[in-house]
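The sequence shown begins at -14 in the working numbering and counts up one residue at a time. Where a beta carbon is used, it is the ideal one built from N, C-alpha and C, also for glycine.
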Amino acid sequence: MAASLLIPTLRTAPALSPPRCGSREITHPRNEASTARRARSRPCRVRATTTLQAEDAAGDNGATKQLSAFTSVRQERWQGDLAVDGRLPLWLNGTYIRNGPGMWDVGEEHAFHHLFDGYATLVRISFRRGRATGAHRQIESEAYKAARARGRPLLREFSHCPAPANLLDRLGNLVGLVTGAALTDNPNSAVLPLGDGRVMCLTETTKSSVLIDPDTLETLERFRYTDRLGGMVQSAHPIVTESEFLTLLPDLARPGHLVVRMEAGSNERKAIGRVDCRGGPSPGWLHSFAVTEKYVVVPEMPLRYSSASLLKSELAEFYAFEWLPASGSYMHVMCKSTGKTVASVEVPPFMAIHFINAYEEEADDVPGGRPAAVVVDCCEHYGDPAIIEALVLNRLRSFRDKDVLPNARVGRFRIPLDGSPFGELETALDPEEHGRGMDMCSINPVWLGRRYRYVYACGACRPCNFPNMLTKVDLVEKATNWHEKGSVPSEPFFVARPGATDEDDGQLNLCLNFLAKLMCVAGCN
Ligand SMILES: CC1=C(/C=C/C(C)=C/C=C/C(C)=C/C=C/C=C(C)/C=C/C=O)C(C)(C)CCC1
Ligand SMILES: [Fe+2]
């Protein structure tokens, strides 16, 4: 996800503090101070230097103050020093970059309706020897540039379909939608450090993939895939390691997904295999997915792409999607090395935008043998698509103290690999532990695809209308939470301490508190 990510307020995690939707981040911590004590005891905060307004806004008696969460950035770019309260661990050297929707107003006239419509804003925080500097900058997508020039959006965004003015426009739209030309290229969902030093940003349209300069945050060029795999849409969260980039390309014409891999250093995606969908009439919305060491897990939920909406340039029940519970819910497992689908099971109805992790489970009696099942965790909304409507901007801006955030849990699928037709879905941890809110999740990346224990996410300190709490979920025992009144943290990102062997040894909470727009405030002065 990722939510809107504009104001850097950072806390390193004390023992109690939980230490990653939308965006991925890059950090290059160097082992400069391996003798440094683990920063466990004192919280530490990084903020722009001119923060009075911000501090006021965050204050307990801020009832009359104008809070800036979910409002547009006021400047296209800014950079400067960040003040640090407390102490940053000296081993933390590197650059953290993330993006998300950050500008929802274009021209005097037009304001977007949904959180996911916003034009992408990059935020960078660089850490060096206990000091921090920050920057933010708009990504110069064609969608953003055209909207800025014309004072209104010209391309289709998440909830916005430019109205055709006449029959010719309508025909043009039809052609545009078939070719993908009418869809946005606004890359507001993820930042991906490709294994070769290039940094990509993207969202769910294939044409949105763009390269950025991690130092200046400048938009460099569109990322051109040199293959002929096509695909108008893609997952917003490819799984990227130092050696590869794995993603799924939903096939809207013949419902299914192409599972593809691109090697680091290459621009050519190669197909691993194809999974056919079981329900119809189109694939389930695929924002993210999960992998184990051997397998790729392809989810198929009842919130499905609406081909009619896309072709007719009209909004469906859920914008580009429709909720079709009768079409069923399925999970598919593909072997990464052979491209064969090794399991395709029906599961209870689910609604999940973000997948957390997955791993292979061995049969009790055959340790080390062939896996008996694949376990897949996700931020699950009790099979209810209401979360989509919960994220429209007027609700986020108006109902701050109302308890209107739909419940969510860590949903755990168990997919048998013995040919059984059904899979299970259960709740992995008592949802009260994280306030029945759970999204914008991350893990220690070393545990990707392996049996793991900790999830870092945003939970809910209720009453609230959006996840407002950092939560470290220990899937074996409990959750540990951090909340500050009025603040809206972004997806936490875990940085391992150099030399760490324990899964949760590192603890850095990045809390981009867009409550107070610290960077804008500083930049304006
Ligand atoms: C997929 C298509 C399009 C665009 C889709 C976009 C821009 C999707 C963005 C999704 C995001 C940012 C999801 C974030 C989720 C955050 C959650 C669940 C937070 C929960 C909090 O509790 C169109 C361009 C619309 C058209 C073709 C298809
Ligand atoms: Fe996301």
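What does THR190 pair with, by DSSP beta-bridge criteria? Start at 1 with the first residue of the sequence shown, and residue 190 comes out as number 205. Looking at the DSSP assignment, THR190 forms a beta bridge with VAL218.
Whose CA, out of ASP388, ILE338, LEU140 and ARG114, lies closest to the CA of HIS222? Reading the sequence shown from its first residue, position 237 is the one you call residue 222. Closest by alpha carbon: ILE338.
For VAL480 and GLY491, the rounded distance between their alpha carbons: As a first step, residue 491 is located in the sequence shown; it is residue number 506 there, counting from the start. As a first step, residue 480 is located in the sequence shown; it is residue number 495 there, counting from the start. Cα-Cα distance, rounded: 6 Å.
Can you name, in chain order, every residue of its own chain whose Cβ lies under 6 Å from the Cβ of PRO235, other than the five neighbours on each side? The count along the sequence shown starts at 1 and reaches residue 235 at position 250. Closer than 6 Å at Cβ, skipping near neighbours: VAL218, HIS242, PRO268 and LEU271.
Is the stretch 282 to 292 touching the stretch 302 to 321, taking contact as three or more C-beta pairs under 8 Å? Touching, per the Cβ criterion.
Closest Cα partner of ALA132 within the set THR169, ILE82, ARG113 and SER144: Position 147 of the sequence shown, counted from the start, is the residue given in the question as residue 132. Closest option to ALA132, Cα to Cα, is THR169.
Helix, strand or coil for THR465, going by three-state DSSP, please let me know. Looking up residue 465 in the sequence shown gives position 480. Residue state, collapsed to three classes: strand.
Ligand 4 heavy atoms versus the CB of HIS99: any closer than 8 Å? The ligand content of the structure shown is limited to ligand 1 and ligand 2, which means ligand 4 is not among them.
Looking at GLU365: is its Cβ nearer than 9 Å to the Cβ of GLY408? Residue numbering aside, residue 365 sits at position 380 when the sequence shown is read from its first letter. Residue numbering aside, residue 408 sits at position 423 when the sequence shown is read from its first letter. Contact: no.
Proximity test, HIS272 beta-carbon vs ligand 2 heavy atom, cut-off 8 Å: Residue numbering aside, residue 272 sits at position 287 when the sequence shown is read from its first letter. Here the distance from the Cβ of HIS272 to the nearest heavy atom of ligand 2 is below 8 Å.
Given a cut-off of 9 Å, decide if THR211 and SER251 are closer than it, judged by their beta-carbon atoms. Reading the sequence shown from its first residue, position 266 is the one you call residue 251. Reading the sequence shown from its first residue, position 226 is the one you call residue 211. Inclusion of SER251 and THR211 in the CB contact set at 9 Å is warranted, their separation being smaller than that value.
Any heavy atom of ligand 2 closer than 8 Å to the Cβ of ALA105? By one-based count along the sequence shown, residue 105 stands at place 120. Flag unset: Cβ of ALA105 not near ligand 2.
Nearest residue (CA-CA) to ARG394, options THR232, ASN429 and LEU460: As a position in the sequence shown, residue 394 is number 409, starting the count at 1. For the residues THR232, ASN429 and LEU460, the minimum Cα distance to ARG394 belongs to LEU460.
Report back the beta-carbon spacing between PHE101 and LEU179 to the nearest angstrom; my notes put them in contact at under 8 Å. Position 116 of the sequence shown, counting from 1, holds the residue named residue 101. Position 194 of the sequence shown, counting from 1, holds the residue named residue 179. About 24 Å; that fails the 8 Å criterion.
I want to check one thing, is the minimum distance from the CB of ASP424 to the heavy atoms of ligand 1 below 8 Å? As a working mapping, residue 424 is identified with position 439 in the sequence shown. Under cutoff, so the answer is yes.
Validate contact between the stretch 73 to 90 and the stretch 101 to 112 using beta carbons, cut 8 Å, 3 pairs: With the cut-off at 8 Å, the stretch 73 to 90 and the stretch 101 to 112 touch.
Check whether the Cβ of HIS366 sits closer than 8 Å to any heavy atom of ligand 2, and report yes or no. Translated into positions along the sequence shown, residue 366 becomes position 381. No; taking the cut-off as 8 Å, the Cβ of HIS366 has no heavy atom of ligand 2 nearer than that.
From this set, PRO240, THR277, ALA249 and VAL245, which residue's C-alpha is nearest GLY264's C-alpha? For the purposes of this step, residue 264 is taken as the residue at position 279 of the sequence shown. Of the residues PRO240, THR277, ALA249 and VAL245, the one whose Cα lies closest to the Cα of GLY264 is PRO240.
Can you tell me which of the three DSSP states GLY157 falls into? Locating residue 157 in the sequence shown gives position 172, where the first residue counts as 1. Helix.
Under 8 Å: does the beta carbon of ALA375 sit that close to some heavy atom of ligand 2? By one-based count along the sequence shown, residue 375 stands at place 390. No, ligand 2 has no heavy atom inside 8 Å of this Cβ.
Ligand 2 heavy atoms versus the CB of SER174: any closer than 8 Å? Counting from 1 along the sequence shown, the entry for residue 174 is found at position 189. It does: the Cβ of SER174 is within 8 Å (strictly closer) of some heavy atom of ligand 2.
Whose C-beta lies closer than 8 Å to the C-beta of GLU299 among residues of the same chain, with five residues either side of it excluded? Taking the first residue of the sequence shown as position 1, residue 299 is located at position 314. Excluding positions up to five away in sequence, the list reads CYS146 and ALA293.
Per DSSP, what are the beta-bridge partners of TYR315 in this structure? As a first step, residue 315 must be located in the sequence shown, where it is residue number 330. In the DSSP assignment, TYR315 forms a beta bridge with GLU285 and GLU331.
Rounded to the nearest angstrom, what separates SER220 and PHE274 at their Cα positions? As a position in the sequence shown, residue 220 is number 235, starting the count at 1. As a position in the sequence shown, residue 274 is number 289, starting the count at 1. Distance between SER220 and PHE274, taken at the CA atoms: about 8 Å.
Quick one: give me the first and last residue of the alpha helix (DSSP H) that GLU127 is part of. In the sequence shown, residue 127 corresponds to position 142, counting from 1. Going by DSSP, GLU127 is part of the alpha helix (DSSP H) stretching over 127 to 135.
Alpha-carbon to alpha-carbon, GLY119 and ALA588: Absent from the structure is residue 588, since the part of the chain shown begins at -14 and ends at 510.
When DSSP labels each residue in this structure, what does TRP76 get in the three-state scheme? Start at 1 with the first residue of the sequence shown, and residue 76 comes out as number 91. For TRP76, the secondary structure class from DSSP, reduced to helix, strand or coil, is coil.
Given that a residue counts as buried once 16 or more other Cβ atoms are within 10 Å of its Cβ, and exposed if not, what is THR465? By one-based count along the sequence shown, residue 465 stands at place 480. Result: buried.
Which residues in the same chain as ARG436 place their Cβ atom closer than 6 Å to its Cβ, once the five residues preceding and following it in sequence are excluded? If you number the sequence shown from 1, residue 436 lands on position 451. Only TYR344 meet the Cβ criterion.
Cβ distance (whole Å) where LEU376 is taken to contact ALA445 below 8 Å: Numbered from 1 along the sequence shown, position 391 holds the residue referred to as residue 376. Numbered from 1 along the sequence shown, position 460 holds the residue referred to as residue 445. That belief does not hold up - the Cβ atoms of LEU376 and ALA445 are roughly 14 Å apart, past 8 Å.
Given a cut-off of 9 Å, decide if ASN342 and GLY422 are closer than it, judged by their beta-carbon atoms. Walking along the sequence shown from the start, residue 422 turns up at place 437. Walking along the sequence shown from the start, residue 342 turns up at place 357. No.
Indicate the three-state DSSP secondary structure (helix, strand or coil) for HIS145 in the structure shown. Locating residue 145 in the sequence shown gives position 160, where the first residue counts as 1. Looking at HIS145 - three-state DSSP - the assignment turns out to be coil, as it is neither helix nor strand.
Tell me the DSSP secondary structure of LEU196 in three-state form. Taking the first residue of the sequence shown as position 1, residue 196 is located at position 211. Under the three-state reduction of DSSP output, LEU196 falls in the strand class.
Under the rule that 16 or more other beta-carbon atoms within 10 Å means buried, what is ARG155, buried or exposed? Residue 155 sits at position 170 when you count from the first residue of the sequence shown. By the neighbour-count definition (other C-beta atoms within 10 Å, threshold 16), ARG155 is an exposed residue.
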